[in-house]
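Student:
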Amino acid sequence: MTTSDSELKDLYQEVIIEHSKHPRNFRTIENATHSAEGFNPLCGDQLTLTIRLSNNVIEDIGFVGEGCAISKASASLMTSALKGKKPEDAMILFTAVRTLLTCGPESKVTSAEVGKLAVLSGVWEFPMRVKCATLAWHTMKNALEAKGDPASTEADS
Amino acid sequence: MKFDVARLREEFPILKEMVYGKPLTYLDSAATSQKPQQVIDAISRFFLKENANVHRGVHYLSERATEGYENARLEVQKFLNATHASEIIFVRGTTEAINLVAATYGKKHVGSGDEVLITEMEHHSNIVPWQMLCEEKGARLCVAPISDSGELELDAFEKLVSVKTKIVAVTHVSNVLGTINPIKRIVEIAHAYGAKVVVDGAQAVPHLPVDVQALDCDFYALSGHKVYGPTGIGVVYGKSELLEDMPPYQGGGDMILSVTFEKTIYNKPPNKFEAGTPNMAGAIGLAAAIVFLATLPQDERAEEEKSLLEYGTQALSAIPGLRLIGTAREKVSVLSFVLEGIHPHDIGTILDREGVAIRTGHHCAQPLMKRLKLPATARASLACYNTRADIDQLVAGLHKVQEIFK
Chain A
5 MTTSDSELKD
15 LYQEVIIEHS
25 KHPRNFRTIE
35 NATHSAEGFN
45 PLCGDQLTLT
55 IRLSNNVIED
65 IGFVGEGCAI
75 SKASASLMTS
85 ALKGKKPEDA
95 MILFTAVRTL
105 LTCGPESKVT
115 SAEVGKLAVL
125 SGVWEFPMRV
135 KCATLAWHTM
145 KNALEAKGDP
155 ASTEADS
Chain B
2 MKFDVARLRE
12 EFPILKEMVY
22 GKPLTYLDSA
32 ATSQKPQQVI
42 DAISRFFLKE
52 NANVHRGVHY
62 LSERATEGYE
72 NARLEVQKFL
82 NATHASEIIF
92 VRGTTEAINL
102 VAATYGKKHV
112 GSGDEVLITE
122 MEHHSNIVPW
132 QMLCEEKGAR
142 LCVAPISDSG
152 ELELDAFEKL
162 VSVKTKIVAV
172 THVSNVLGTI
182 NPIKRIVEIA
192 HAYGAKVVVD
202 GAQAVPHLPV
212 DVQALDCDFY
222 ALSGHKVYGP
232 TGIGVVYGKS
242 ELLEDMPPYQ
252 GGGDMILSVT
262 FEKTIYNKPP
272 NKFEAGTPNM
282 AGAIGLAAAI
292 VFLATLPQDE
302 RAEEEKSLLE
312 YGTQALSAIP
322 GLRLIGTARE
332 KVSVLSFVLE
342 GIHPHDIGTI
352 LDREGVAIRT
362 GHHCAQPLMK
372 RLKLPATARA
382 SLACYNTRAD
392 IDQLVAGLHK
402 VQEIFK
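Residue numbers (the numbering used here), protein chains in the order written: chain A, 5 to 161; chain B, 2 to 407.
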C-alpha cells in the first residue's frame with residue numbers, strides 16, 4: 005500500500021464513513037435553547053445546530069445541513085460526545101479535538117481526552133480538510149456563546 | 002496538419018510533474034490553465050532583458066517595454082477581431098473587467114427604475130458587481146432562467162428584455178455547465194431595446210474563436226490565466242464610441258493628459274482606463290499565449306476537443322450512480338457531475354491522491370447551485386493538452402472513490 009493509500013485509509017476510517025452515511029442526531033431539537041448556523045465558504049458546506057441546555061447540561065443536541073463525509077461524521081461524533089456534558093467541558097473537548105486535527109500525532113492528545121473522536125486524527129494529513137472537521141465545533145461554540153453571527157471556519161488552516 | 006497532443010504536452014513543463022508519486026492528471030483548466038514554455042519564457046525574458054516602466058521614459062529599456070506592452074494590445078485586438086487597438090483595455094482579470102464596466106458605463110447609464118438583466122448560470126463575478134450597481138442606483142437586477150439541461154431559456158430571456166433594460170450581462174460559456182450561450186442572438190434581442198451587452202468570456206476564449214465584431218457585443222471580458230497566459234492580467238474590450246463617452250475607472254498616472262489642482266484632463270481610451278503602472282509582464286505573457294494558440298491547427302483542435310468531450314461524457318455516464326450536470330447541446334469540454342451518496346469534496350480529496358486534479362464545490366456560482374438543487378458538484382474541465390488517458394485516470398479514480406464509500 006502506498007503512503008497516499010494509507011493516508012486515505014486514515015482519513016476515511018470505517019467509523020467516519022459509517023457516521024457520514026448514518027449521522028447520529030441528524031435532526032432539529034425541539035425546545036432548543038441555543039442554536040447557530042455554520043458555513044464553510046470554500047465548499048459551500050452548511051449546517052444548523054440546535055441545543056437544549058438544562059441546568060447547565062447539554063440535554064439534547066442535533067444538527068441538520070449539507071456537507072462532505074468529514075463534516076457530517078464530525079458533527080455526528082460531536083453531538084454524540086456532547087450529550088450530557090457541561091458547556092465548559094464541551095469547550096475543553098473542542099480545544100483537544102482542534103489540536104488533534106491540526107497537529108496530528110505530534111499533538112499528544114490522548115484517547116482518554118477525546119474518546120471516540122480519535123477517529124478524526126487522520127484529518128491532519130489533509131490540511132485542506134481540517135475546516136470540514138471543525139465546522140460543527142465552531143458552530144457549537146457560537147451556539148453556546150449565543151453569538152448571532154453564523155460560524156465560519158476561516159481562522160483554521 | 003494533424004493535432005499532435007503528445008507533442009503539444011511537451012510544451013507544458015508542469016505536465017511532467019508527479020503528485021503523491023503519481024503522474025499529474027490535470028483536469029482543472031477551467032479554474033486555471035497550465036502555461037506553455039513560450040509563455041514562461043516571454044515573462045522571464047521581459048524581466049531578464051526588457052524591464053522598465055512603460056509610456057514614460059525616453060531611455061532604451063522603457064521604449065522596449067512600451068513596445069512589448071503595446072504589441073500585446075495589438076495581439077489581443079487581432080485575437081478578438083476588435084476594430085481598434087484602443088478598444089482593448091488591460092485589467093487584472095475578468096472580475097475587474099466586469100467591475101470596470103459596472104463602475105463606469107453602469108454608473109453613468111443605469112438609473113432608478115432601470116434594469117440589469119443577467120442569467121441563472123452566471124459566475125459570482127457577473128452577479129455581484131451588478132447587484133452592487135443596482136443597489137446604489139435603485140435599479141432592479143433581473144435573472145433569466147435556464148433549463149434543467151443547463152441551456153438559457155431564450156423565450157423567457159426575451160420576455161425579460163424591455164426599454165427599461167440598460168445592460169444585459171451574460172456569460173459566453175458557463176464555468177459549471179460548459180454551456181455555450183447564443184451570444185449573437187442575445188445581442189440582437191438586447192439591441193432591439195437599446196440595451197448594451199456585456200459578455201463574460203473567461204471560459205469561452207480557451208475553447209472558441211471569438212469575433213467581437215461578428216457578435217456585435219458592446220463589452221467582452223476575459224482573463225489571461227484561463228487561456229494559457231499568466232494570472233493578474235485580463236482584458237475588457239469595449240466599443241470605441243462607448244469607451245469615449247465613459248467616465249474614467251480609477252484616477253492616477255497614465256490616465257491623464259494634464260493635471261492641475263483645479264482640473265484634470267483625462268487621456269483617451271485605452272489609457273483613460275489604465276491608471277498606474279500596468280502589469281507589463283502579464284500583458285506580454287498573455288500575448289505569448291495568444292501567439293501559442295494561433296500556432297495550433299484550429300479545426301483539428303476543435304475536432305479533438307469535441308471527440309474528447311464525447312469520450313469523457315460516455316465514460317462518465319457509464320459509472321453507476323454518476324449524474325452529469327450540464328448537458329446542453331452546445332457545450333465546451335467541461336464535465337460537471339455528482340455521485341450518488343458521495344459529497345464532491347470527498348471525491349476531490351480521493352482523486353487528488355491518485356494524481357487527478359479536479360475542482361469541487363460551488364464554483365463561485367451559488368445561485369446556479371441553488372437552481373440545480375445541489376450543494377456542490379465535482380468538475381473535470383479539459384484543455385488542449387488533455388487526452389483520453391486523462392479521462393481513463395479520472396474514471397479509475399472514481400471507481401476508487403466508490404470502493405472507499407461502498
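We treat Cβ as the ideally placed atom computed from N, Cα and C, and that holds for glycine.
Would you report the Cα separation of B/I99 and B/V237, rounded to the nearest angstrom?
Tutor: The alpha-carbon atoms of B/I99 and B/V237 are separated by roughly 8 Å.
Student: Counting only C-beta atoms, is B/M370 closer than 8 Å to chain A at any point?
Tutor: It does; some Cβ of chain A falls within 8 Å.
Student: Straight-line CA distance for B/L395 to B/G151?
Tutor: Their backbone Cα atoms lie some 23 Å apart in a straight line.
Student: Quick one: any contact between the region 355–373 of chain B and the region 109–126 of chain B, if contact means 3 or more CB pairs under 8 Å?
Tutor: Result yes; three or more Cβ-Cβ pairs closer than 8 Å.
Student: Taking the alpha helix (DSSP H) that A/T103 belongs to, which residues open and close that run?
Tutor: A/T103 -> alpha helix (DSSP H) spans P91 to C107.
Student: Can you tell me whether B/L134 is buried or exposed? The criterion is at least 16 other CB atoms within 10 Å of its CB, across all chains shown.
Tutor: It is buried - the Cβ of B/L134 has at least 16 other Cβ atoms within 10 Å.
Student: How is B/K23 classed by DSSP in three states: helix, strand or coil?
Tutor: B/K23 falls in the strand class under three-state DSSP.
Student: So does the region 94–109 of chain B actually touch the region 312–325 of chain B, counting three or more Cβ pairs closer than 8 Å?
Tutor: Judged by Cβ distances under 8 Å, the region 94–109 of chain B makes no contact with the region 312–325 of chain B, as fewer than three pairs qualify.
Student: Using a Cβ-Cβ cut-off of less than 8 Å, list which residues of the region 373–385 of chain B approach chain A; keep chain order.
Tutor: Against chain A - using a Cβ distance shorter than 8 Å - the residues of the region 373–385 of chain B are P376 and A377.
Student: List the residues of chain A that B/F80 touches, going by C-beta distances under 9 Å, in chain order.
Tutor: Within 9 Å Cβ-Cβ: nothing; B/F80 doesn't reach chain A, min ~34 Å.
Student: Which runs of the beta strand (DSSP E), 3 residues or longer, sit entirely within the region 290–351 of chain B?
Tutor: Segments of the beta strand (DSSP E) lying fully in the region 290–351 of chain B: 323–326 and 335–340.
Student: Spell out the partners DSSP gives A/N44 in its beta bridges.
Tutor: BP columns for A/N44 point to A/D49.
Student: Per DSSP, which one or two residues make a beta bridge with B/G239?
Tutor: B/F220.
Student: Cβ atoms of B/I190 and B/E213: under 8 Å apart, would you say?
Tutor: According to the sequence shown, residue 213 of chain B is Val rather than Glu. For B/V213 and B/I190, no; Cβs fall outside 8 Å.
Student: Is there at least one Cβ from chain B nearer than 8 Å to A/F130's Cβ?
Tutor: Yes, A/F130 lies at the interface with chain B (some Cβ there is under 8 Å from its Cβ).
Student: At the 8 Å Cβ level, is B/Y21 part of the contact set with chain A, yes or no?
Tutor: B/Y21 counts as touching chain A.
Student: Going by the beta-carbon positions, is the gap between B/N127 and B/D219 smaller than 8 Å?
Tutor: Against a cut-off of 8 Å, the Cβ pair of B/D219 and B/N127 comes out as no contact.
Student: Between B/L75 and B/R10, what straight-line distance do the alpha-carbon atoms span, to the nearest angstrom?
Tutor: Whole-angstrom Cα-Cα distance: 28 Å.
Student: Got a sec: is the Cβ-Cβ distance from A/E22 to anything in chain B below 8 Å?
Tutor: No, A/E22 does not count as interfacial toward chain B.
Student: In this structure, does DSSP put B/V111 in helix, strand or coil?
Tutor: Here B/V111 sits in coil by DSSP.
Student: Does the Cβ of A/I62 have 16 or more other Cβ atoms within 10 Å, making it buried, or fewer, making it exposed?
Tutor: The residue in question, A/I62, is buried, as its Cβ has 16 or more Cβ neighbours within 10 Å.
Student: Applying the criterion that 16 or more other CB atoms from any shown protein chain within 10 Å of the CB defines a buried residue, is B/Y61 buried or exposed?
Tutor: Exposed, by the Cβ-count rule.
Student: Which value, in whole angstroms, describes the spacing of the CA atoms of B/K185 and B/D217?
Tutor: Rounded to whole angstroms, B/K185 to B/D217 spans 7 Å at the Cα level.
Student: Is it right to say A/P27 is buried, meaning 16 or more other beta carbons lie within 10 angstroms of its own, or is it exposed?
Tutor: By the neighbour-count rule (16 or more Cβ atoms within 10 Å), A/P27 is buried.
Student: Using a cut-off of 7 Å between C-beta atoms, extract the partners of A/R133 located in chain B.
Tutor: Simply T350.
Student: Kindly indicate if chain B contains any beta-carbon less than 8 Å away from that of A/C47.
Tutor: With 8 Å as the cut-off, A/C47 counts as an interface residue toward chain B.
Student: List the residues of chain A whose Cβ lies closer than 8 Å to the Cβ of B/R354, in chain order.
Tutor: Residues of chain A passing the Cβ test: S8, D9, E11 and L12.
Student: When you compare the CB positions of B/V92 and B/G230, do they come within less than 8 Å of one another, or not?
Tutor: The answer is no: Cβ separation not under 8 Å.
Student: Who does B/Y267 pair with in a DSSP beta bridge?
Tutor: B/Y267 pairs with B/I257.
Student: Compare the C-beta of A/A73 with all C-beta atoms of chain B and state if any pair is closer than 8 Å.
Tutor: Yes, contact with chain B.
Student: Hey, is B/Q299's beta-carbon within less than 8 Å of any beta-carbon in chain A?
Tutor: No, its Cβ sits nowhere closer than 8 Å to a Cβ of chain A.
Student: So does the region 135–152 of chain A actually touch the region 98–106 of chain A, counting three or more Cβ pairs closer than 8 Å?
Tutor: Result yes; three or more Cβ-Cβ pairs closer than 8 Å.
Student: So A/E41 contacts chain B; which residues on that side make the cut at Cβ distance below 9 Å?
Tutor: Within 9 Å Cβ-Cβ: nothing; A/E41 doesn't reach chain B, min ~14 Å.
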